[in-house]
Amino acid sequence: MTTIRLENRVIRICIAALLMSQMLGFARPARALQPTMVDLFLPLLAKEYDPHLETEPNGTEALADGPVMNGVVYVGYHNTGPALDSDYWRFEASGAGPVHIEVAGLDSAGQVIATRVGGGQIGYVGGPPFVIDTTAPVAGQYVVRVVSSAALGVEAYTVTVTYP
Ligand SMILES: [Ca+2]
C-alpha cells in the first residue's frame, strides 16, 4: 500500500511537471501527451481516492474517516503490522435507535469501541466475533474505533455500520 502510494505520488509529480512545462510552452504538443496521461492517471486516482478505503492518519476522533454510509463495507489496514493500530470511523445518526457494527479480519488482539462524540461509550467488544449491537441514545456524531494488529498476518479488515 505504501509502495503504491509512493509510486502514485512520484507519477503525479512527473505528470504535474509535464503539464507545467507544456503550459509554459516548451514541451511536446498536447496531442502527444494526452493519451499517456489518461492511461496512467485515471486508474491511479481511482485507487488512491477510493472513498471506501481508510486514509491514515485516522488515529483520533478529529481525524476519523467518514462519514461512513449506512450498511456500506469499508476497508482498513493494519498499518503498524504486529503492533496495535487505532483507526477511527465516524457516522452520523439521524435519531435515536439501533446500531449494528461488524468488523471482520481482526485477530484475537483486536478491539472495537463505539462512542458518541462528546458523550460516552455505547459499545465495546474485545475479542471475536467483532460484532456490536447497541443503541444510539440521540441523533448526532458517533465514532467507531477499530484497534487492530496484523499479528496473524492479515493485512486488511472490513467495517460495516448500520444506524438510524
Ligand atoms: Ca490503519
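Using this note's numbering, read the sequence shown as starting at 11 and increasing by one per residue.
Think of the CB as a built atom: it goes at the ideal place given N, C-alpha and C, for glycine as much as any other residue.
Neighbourhood of residue i by C-beta distance below 8 Å, restricted to the same chain and skipping five residues each side
| i | result |
| --- | --- |
| L94 | A119, V157, S158, S159 |
| G91 | S159, A160 |
| Y152 | R100, F101, E102, A103, V109, A124, T125, R126, V127, I132, A146, Y173 |
| G130 | none |
| H62 | V82, V83, Y84, V85 |
Residue i CB to nearest heavy atom of ligand 1 below 7 Å
| i | result |
| --- | --- |
| Y98 | no |
| G91 | no |
| E64 | yes |
| Y152 | no |
| G86 | yes |
| D95 | yes |
Nearest neighbour of residue i, chosen from the options [CA to CA]
| i | options | result |
| --- | --- | --- |
| G150 | I142, D143, T125 | T125 |
| T172 | L73, G130, N80, N68 | N80 |
| Y84 | Y152, E112, S96, I123 | E112 |
| D117 | P61, T65, H62, T168 | T168 |
| A166 | N89, P77, P67, V135 | N89 |
| Y98 | P138, A114, V122 | V122 |
| G137 | A114, G130, G129, T144 | A114 |
| T144 | E66, G163, G107, P61 | G107 |
Residue i Cβ short of 7 Å to ligand 2 heavy atom set
| i | result |
| --- | --- |
| D75 | For ligand 2, the structure offers nothing, since it holds only ligand 1. |
Whole-Å CB distance - residue i paired with residue j, under 8 Å assumed
| i | j | result |
| --- | --- | --- |
| Y87 | E71 | The pair is not a contact, with the Cβ atoms about 19 Å apart (cut-off 8 Å). |
| V135 | I142 | 5 Å |
Short Cβ contact (8 Å threshold) for residue i with residue j
| i | j | result |
| --- | --- | --- |
| S96 | G76 | no |
Cβ neighbours of residue i in the same chain (closer than 6 Å, five flanking residues each side left out)
| i | result |
| --- | --- |
| T170 | V83, E112 |
| G105 | A149, P174 |
| V164 | G115 |
Close beta carbons around residue i, own chain, < 7 Å, minus the five adjacent residues each side
| i | result |
| --- | --- |
| L162 | D117 |
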